[in-house]
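Report on the following structure.
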Amino acid sequence: MTAVDRITPSRENCVYTSCYCEENVWKLCEFFRTEKTAPLEQLFVVFISNDKRVIPLWKQKSGHGDHPVFWDYHVVLLQVHPQSDSLVYDLDSELSFPCSLGLYGAMAFRSDRHIRPEYHRKLRVIPANSFLLNFASDRSHMRNPDGTWKMPPPPYPPIQTAENQMNLDDFISMDPSVGWGTVYSLDQFLRTYTGNASTAPVSSSLS
Numbered sequence: 004m005t006a007v008d009r010i011t012p013s014r015e016n017c018v019y020t021s022c023y024c025e026e027n028v029w030k031l032c033e034f035f036r037t038e039k040t041a042p043l044e045q046l047f048v049v050f051i052s053n054d055k056r057v058i059p060l061w062k063q064k065s066g067h068g069d070h071p072v073f074w075d076y077h078v079v080l081l082q083v084h085p086q087s088d089s090l091v092y093d094l095d096s097e098l099s100f101p102c103s104l105g106l107y108g109a110m111a112f113r114s115d116r117h118i119r120p121e122y123h124r125k126l127r128v129i130p131a132n133s134f135l136l137n138f139a140s141d142r143s144h145m146r147n148p149d150g151t152w153k154m155p156p157p158p159y160p161p162i163q164t165a166e167n168q169m170n171l172d173d174f175i176s177m178d179p180s181v182g183w184g185t186v187y188s189l190d191q192f193l194r195t196y197t198g199n200a201s202t203a204p205v206s207s208s209l210s
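Note that the sequence shown covers residues 4 to 210 in the working numbering.
In structure tokens:
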């Protein structure tokens with residue numbers, strides 16, 4: 004993607020706070036809504052987690068070599084093009100920004116087939132406009148029992164709606180009966196948005 008057809012700021016110029024991926028993606032969605040550089044209908048927020056809240060992802064900036072990072076959840080932005088490859092925007096990834104979903108799937112997700120079931124990834128896919136309208140976080144999940152911050156919060160006020168101050172768990176949950184959007188297994192997600200299930204081998208250390 005060249006500077007001419009870039010529809011987001013460069014990675015370095017995006018609003019970003021380490022360990023607040025859900026808010027980073029909310030700010031990306033807000034940028035699209037304000038600047039109208041792409042139709043919101045093409046954009047989907049993807050929460051990645053599972054029932055154990057332990058998921059491996061590769062090619063993360065906080066990783067080391069070819070070892071995965073284990074998150075309780077992670078959030079990326081997906082752009083679905085009607086005539087071309089879907090794109091992933093992940094501000095925590097070493098891969099390009101954006102990255103084709105095919106490459107992101109092969110390099111960052113890899114496969115669930117050779118890892119223990121408790122590490123299998125699920126994905127909640129929410130239309131960007133729905134995320135902007137409904138997401139709220141008071142950041143309480145980032146406080147220690149004594150009230151100090153686990154990681155410094157973003158400099159702007161917490162994201163809230165008229166109805167909610169905190170509903171982050173409804174987005175992280177992979178129970179399809181709660182929250183917004185559609186919940187997929189990793190293979191279902193990749194089949195839906197690329198036409199291919201994951202096939203890349205993964206480290207046997209997770210099996």
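Just so you know, even glycine gets a beta-carbon here, dropped at the ideal spot from N, CA and C.
Exercise for review: Please report how far the alpha carbon of residue 70 lies from the alpha carbon of residue 100, in whole angstroms.
Suggested key: Answer to the nearest angstrom: the Cα atoms are 21 Å apart.
**Study point:** Distance, residue 142 Cα to residue 19 Cα
**Key:** In this structure, the straight-line span from the alpha carbon of residue 19 to that of residue 142 is close to 15 Å.
Check your understanding: Do you know offhand how far residue 171's Cα is from residue 27's?
Key -> Each residue's Cα considered, the two are about 14 Å apart.
Practice item. Report back the beta-carbon spacing between residue 103 and residue 75 to the nearest angstrom; my notes put them in contact at under 8 Å. Key: About 26 Å separates the two Cβ atoms, so there is no contact after all.
Check your understanding: For residue 97, which residues from the same chain have a beta carbon less than 6 Å from its beta carbon, with the 5 sequence-adjacent residues on both sides left out?
Key -> Around residue 97: 62, 64.
Review point. At what residue ranges does the stretch 101-189 contain a whole run of the alpha helix (DSSP H), taking only runs of 4 or more?
Key: Counting only runs that start and end inside the stretch 101-189, the alpha helix (DSSP H) elements of at least 4 residues fall at 104-107, 131-137, 171-175.
Exercise for review: Report buried or exposed for residue 121, applying the criterion of at least 16 other Cβ atoms within 10 angstroms of its Cβ.
Suggested key: With fewer than 16 other Cβ atoms within 10 Å, it is exposed.
Practice item. Would you mind reading off the limits of the alpha helix (DSSP H) that contains residue 49? Key: Unbroken run through residue 49 is the beta strand (DSSP E), 46-52; no alpha helix (DSSP H).
Review point. Cα separation between residue 59 and residue 144?
Key: The alpha-carbon separation between residue 59 and residue 144 amounts to approximately 20 Å.
Practice item. Count the other CB atoms, across all protein chains shown, that sit within 10 Å of the CB of residue 23; report buried if there are 16 or more and exposed otherwise. Key: So residue 23 ends up on the buried side.
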